Amino acid sequence: MFENQWFYLFCISMLPVVELRGGIPVGAAMGLPFWAVYPVCILGNLLPAPFLILFAKTVLQKLATLPKVGGFFSRLIRRADERAEQIGKYEKWGLFLLVAIPLPGTGAWTGSLVASVLRMRLLPAVLIIAAGVMVSGLIVSGVSYGVFAALAA
C-alpha cells in the first residue's frame, strides 16, 4: 500500500483543476512527510505541461472548425493573439504569477494553455511554469502542513 500512496499523489497532482493544490493536502492528511510529498506532487503536476504547450494550440484550432462551438474557440484564439501583442515583455512574469498563485482557475494546466495560445517557446514556458508550480507548492504545503499540525496538537 505504501507505494500506491505515492502513485495516487502523483496522479492527483496531474489532474486538471485539482493539480498539486489537491495532492499536497491529501499527502499531509495521510501523514506523509513534506520532503517526500512535495517533489512527487511537483513532478505529477508538471508532467502534462510540455504536452499541453505543444498540442493545445492545434486542438484549439481544430475546435474552432466545429459547427456549433467553433465561433467561441475562434474568438478565444483571436483574443489570445491580441493579448500576446499587448503583453509583450511582461508575458513571462504574467505566466509565472498565473501559475504561482494557488487560486481556482490557475496552475500548470491553465499556464500551459496560456503559453500555447501565446505561442511561447517550449523550454522557457516549461521553466516558468515549473518555477510557478514550485512556489505554489510551497504555499499549499505551508497551509496544509500547518493546518494538519494544528489539528494534531
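In my numbering, the protein residues as written are 35 to 187.
Positions of the beta carbon are idealized from the N, C-alpha and C atoms, including for glycine.
A quick note: this is a predicted structure, and the numbers were derived from the prediction, not measured.
Query                                                                                                                        : Result
Rounded to a whole number of angstroms, what is the C-alpha to C-alpha distance between Gly176 and Met154?                   : 31 Å
How about Val51 and Gly141: are their beta carbons less than 9 Å apart?                                                      : yes
Exposed or buried, what is Val167 when buried is set at 16 or more other beta-carbons lying within 10 Å of its beta-carbon?  : buried
Classify Met35 as helix, strand or coil using the three-state DSSP reduction.                                                : Because Met35 sits at a pLDDT of 46, beneath the cut-off of 50, its placement in the model cannot be relied upon, and the following sentence gives the value as read from the coordinates. The answer is coil: DSSP assigns Met35 none of H, G, I, E or B.
So what's Leu157 in DSSP terms, helix, strand or just coil?                                                                  : helix
Got a sec? Which residues, its chain only, sit under 6 Å from Val174 by beta carbon, not counting five neighbours each side? : Arg55, Ile58, Pro136
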